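Start counting at 1 in the sequence shown, then tack on 27, and there's your number in the numbering used here. For each residue, glycine too, the CB sits at the ideal point set by N, CA and C. Small disclaimer: the values here were computed from a predicted structure and weren't measured. Here is the structure we will look at, set down as C-alpha cells.
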Amino acid sequence: MSVIEDPLSEAAAPAAHAGPWHPDARVVRSAVGNHLFVVDGSRLYDIPDDLATRLERDLTAGDRSGIEALLDQVSPGQARYIGPEGAEPPPLRAISLNVAQACNLGCGYCYADEGRFGGKPRGMTLDTAKEVIDRLIAESEPGGRIVVGFMGGEPLLRRDLVHGATAYAAEQGAKAGRQVGFSITTNLTLLREEDAALFRDHGFTVQVSIDGPREVNNKLRPMRGRSGDSYGRVRQGLETVARVGRPRHLSARATVTPKSGELLPSLDHLLDLGFDDAGFSAVTQSPDPSLAFDKADFDRFLAEMIACGEKARDAALRGERYPFSNFETALTEIHRGTHRPYPCGAGAGYLSANAEGELYACHRLVDDDAYAMGDTAGSNIDARRAHLAARHVDRQEPCRSCWARYLCGGGCYHEVDKRGRLACDYIRGWLEFCLGAYATISETAPEYFAR
Numbered sequence: 028m029s030v031i032e033d034p035l036s037e038a039a040a041p042a043a044h045a046g047p048w049h050p051d052a053r054v055v056r057s058a059v060g061n062h063l064f065v066v067d068g069s070r071l072y073d074i075p076d077d078l079a080t081r082l083e084r085d086l087t088a089g090d091r092s093g094i095e096a097l098l099d100q101v102s103p104g105q106a107r108y109i110g111p112e113g114a115e116p117p118p119l120r121a122i123s124l125n126v127a128q129a130c131n132l133g134c135g136y137c138y139a140d141e142g143r144f145g146g147k148p149r150g151m152t153l154d155t156a157k158e159v160i161d162r163l164i165a166e167s168e169p170g171g172r173i174v175v176g177f178m179g180g181e182p183l184l185r186r187d188l189v190h191g192a193t194a195y196a197a198e199q200g201a202k203a204g205r206q207v208g209f210s211i212t213t214n215l216t217l218l219r220e221e222d223a224a225l226f227r228d229h230g231f232t233v234q235v236s237i238d239g240p241r242e243v244n245n246k247l248r249p250m251r252g253r254s255g256d257s258y259g260r261v262r263q264g265l266e267t268v269a270r271v272g273r274p275r276h277l278s279a280r281a282t283v284t285p286k287s288g289e290l291l292p293s294l295d296h297l298l299d300l301g302f303d304d305a306g307f308s309a310v311t312q313s314p315d316p317s318l319a320f321d322k323a324d325f326d327r328f329l330a331e332m333i334a335c336g337e338k339a340r341d342a343a344l345r346g347e348r349y350p351f352s353n354f355e356t357a358l359t360e361i362h363r364g365t366h367r368p369y370p371c372g373a374g375a376g377y378l379s380a381n382a383e384g385e386l387y388a389c390h391r392l393v394d395d396d397a398y399a400m401g402d403t404a405g406s407n408i409d410a411r412r413a414h415l416a417a418r419h420v421d422r423q424e425p426c427r428s429c430w431a432r433y434l435c436g437g438g439c440y441h442e443v444d445k446r447g448r449l450a451c452d453y454i455r456g457w458l459e460f461c462l463g464a465y466a467t468i469s470e471t472a473p474e475y476f477a478r
C-alpha cells in the first residue's frame, strides 16, 4: 500500500460539512497501522496515526475538509472509475435453470416456498431446458465462457433433466466455441453415484445447503413432514462424493436464523466434513417471521462473523488457510480493487429461468413480474437496461452517501424489496473488519494473496 501524508497544515482553515462520515473515503484502523480507504477504485493507503485521529475527530464534528484534501492528493483531476450512468446490458454469461420448483425438505425460512414461489410444484421439461441453453449460447460472447446452473427447490428431484441438460449444454457449447461450466445448489440428500459422477466428470461447482451439525440442521432443515434425519442424508451424500470422486469445487452454505446458535462451532464442523470452503447467509425475509433477522439479530451476527473472520485472519498470518468463504471473498475483492455499482450480475450477465423457460433477473426473483427479463425467444434488452439504470448504487438512497457502496453494490434486490435496507450497519461493520484484516495480512503475510 502507498503512504500519503497530511496535505493540511494545522493552521489551515477547514470548511465545515455536515455528516458522520465521508461518502468517498473511510479511515480504517488495523493491527499494523492506520489507513484511508478511497471508495472510488477501492484503494487503501497508509496514513500516519495523528492524521487518522484528526480525520476521525473532524468528521465527528462535521468537517470533511481533511479527507477531501487527501482525495485531491491521491486522485488529482482523475475521472471517477464509476460514472453515474446505468451499465449497458453485457452479453449473457450465466443462466440458472429452476428445474424443480418443489423440494423434499421443509425449511421454515425458505424464501422460495420450497421452490414453488407461491404457486404449485412445477418441473421444467428437457425441451425447455434446451431452449434456455440455446438462448444463453446465442446471447453470450463468442469464444467466451458460460455457466449453466441448476436450482430449485431441489434440482435432484429432476435428475434426469440435470443429466440431459448437462450433456446438451456441453455438446452445443463445444459446437459454438464456448467453454461451458456447470453449477448446482442442492441439499445433497438425494445424491446418487451417477449424480456424483456427473459432477466430477463435468467439473461442477457444487454448493450444498447445510446449516451446521445434526441438531442445528435437523431443526432448521427438516425433511418434508417434519420427520427424518436430513443431516444424516447429507452425510451419506458426502460419503458418495468421497467414494466416486470430487467435483471441481464443493462448498457449504449455511443459512443463519435467530435460532441457529453460535456460528464458529458450526463453521468448524462444516469444514471438518471436508468442504472446500463454507460460509453463512442471514435470513432477512421468511414465511415464519421468527426465523428472520431484525436489527438486534444483525448486531449479534456481526460479532459472530467477526469471530469467524478473526480465526481465518490469524490462520493466514501463520501461513495457513481457514476457508471461511465470506472472509476469503471479501479479501479477494479488496485485493483486486473491486468497485461495482451493482451487488451482483442479476439482470446483467446473469438470468434465471423458471420451469416454463421465462427469464427473470435472478433465482430469488423467479415469477416476480417486476423482474421479468424475457423468455426462450430472447432476453428483453430494454428490461435489462431499465433495471440496470434504476438499480445503479449511486441512484439509491441512502447508498449514494455510503462509503461501502462500491464493495456492497446496494444490497440484494430481493432482500431490499422485501425488508428494506436492514443489513446496512452489518455490511459496513463486516467490510471495515475485512479492510483491517486485509491491511494486516498484506503487511505481515503477503504470500496469502499469491495462492
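Is it right to say residue i is buried, meaning 16 or more other beta carbons lie within 10 angstroms of its own, or is it exposed?
| i | result |
| --- | --- |
| residue 274 | buried |
| residue 155 | buried |
| residue 324 | buried |
| residue 403 | buried |
| residue 254 | exposed |
| residue 416 | exposed |
| residue 80 | exposed |
| residue 89 | exposed |
| residue 193 | buried |
| residue 168 | exposed |
| residue 357 | buried |
| residue 308 | exposed |
| residue 120 | buried |
If residue i sits next to residue j, beta carbons under 8 Å apart, how far is it from one beta carbon to the other, in whole angstroms?
| i | j | result |
| --- | --- | --- |
| residue 6 | residue 248 | Absent from the model: residue 6. The displayed extent of the chain is 28 to 478, so no value can be given. |
| residue 267 | residue 298 | Actually they do not touch by this definition, with Cβ atoms about 19 Å apart. |
| residue 230 | residue 204 | Actually they are not in contact, since the Cβ atoms of residue 230 and residue 204 sit about 18 Å apart, beyond 8 Å. |
| residue 97 | residue 54 | In fact, because the Cβ distance is near 10 Å, the residues do not count as touching under 8 Å. |
| residue 368 | residue 441 | The Cβ separation is near 18 Å, so there is no contact. |
Taking the beta strand (DSSP E) that residue i belongs to, which residues open and close that run?
| i | result |
| --- | --- |
| residue 401 | 399 to 402 |
| residue 210 | 206 to 213 |
| residue 476 | From DSSP, residue 476 is part of no beta strand (DSSP E); its letter is neither H nor E. |
| residue 70 | 70 to 74 |
| residue 247 | Here residue 247 belongs to no beta strand (DSSP E); instead the alpha helix (DSSP H) covers 241 to 247. |
| residue 378 | 377 to 380 |
| residue 62 | 60 to 65 |
| residue 124 | 121 to 128 |
State the start and end residues of the unbroken alpha helix (DSSP H) segment that holds residue i.
| i | result |
| --- | --- |
| residue 444 | 440 to 446 |
| residue 92 | 92 to 101 |
| residue 155 | 153 to 165 |
| residue 52 | Careful: residue 52 lies outside any alpha helix (DSSP H), inside the beta strand (DSSP E) at 52 to 57. |
| residue 109 | That residue, residue 109, is in no alpha helix (DSSP H); it is neither H nor E in DSSP. |
| residue 264 | 257 to 271 |
| residue 280 | Where residue 280 is concerned, there is no enclosing alpha helix (DSSP H), although the beta strand (DSSP E) it sits in stretches over 276 to 283. |
| residue 435 | 432 to 435 |
| residue 450 | It is not in any alpha helix (DSSP H) - residue 450 carries neither H nor E in the DSSP assignment. |
| residue 388 | No alpha helix (DSSP H) holds residue 388; DSSP gives it neither H nor E. |
| residue 409 | 408 to 418 |
Just checking: is the beta-carbon of residue i within a distance shorter than 8 Å of some beta-carbon in chain D?
| i | result |
| --- | --- |
| residue 442 | Looking at the structure shown, chain D is missing, and only one protein chain is on hand. |
Return yes when the C-beta of residue i is under 7 Å from any heavy atom of the ligand COA, and no when it is not.
| i | result |
| --- | --- |
| residue 431 | Among the components modelled here there is no ligand, and therefore nothing to report on the ligand COA. |
request  = Scan the stretch 291 to 351 and note each continuous beta strand (DSSP E) run of 3 residues or more that stays entirely inside, going in chain order.
outcome  = Listed in chain order, the complete beta strand (DSSP E) runs (minimum 3 residues) inside the stretch 291 to 351 are 304 to 309.
inquiry  = Pairs of beta-carbons, one from the stretch 423 to 443 and one from the stretch 375 to 385, closer than 8 Å: are there three or more?
reply    = no
ask   = Can you list the alpha helix (DSSP H) stretches of 4 or more residues lying completely in the stretch 178 to 238, in chain order?
value = 186 to 202, 220 to 228
ask   = How about the stretch 279 to 293 and the stretch 95 to 106: do they share at least three Cβ pairs that are nearer than 8 Å?
value = no
message = With three or more beta-carbon pairs closer than 8 Å as the criterion, would you say the stretch 285 to 297 touches the stretch 320 to 338?
response = yes
key: Segment contact flag, the stretch 121 to 128 with the stretch 184 to 194, C-beta cutoff 8 Å, min 3 pairs   = yes
query = Is the stretch 208 to 223 in contact with the stretch 150 to 169, if contact means three or more CB pairs nearer than 8 Å?
reply = Inter-segment contact for the stretch 208 to 223 and the stretch 150 to 169 is absent: fewer than three beta-carbon pairs are separated by less than 8 Å.
task = Assess, as a yes-or-no matter, whether the stretch 337 to 346 is touched by the stretch 440 to 459 under the definition of 3 or more beta carbon pairs within less than 8 Å.
result = no
ask   = Does the stretch 313 to 322 come close enough to the stretch 353 to 370 that 3 or more CB-CB pairs lie under 8 Å?
value = no
query = Using 8 Å as the Cβ pair cut-off and three pairs as the minimum, do the stretch 112 to 121 and the stretch 410 to 426 touch?
reply = yes
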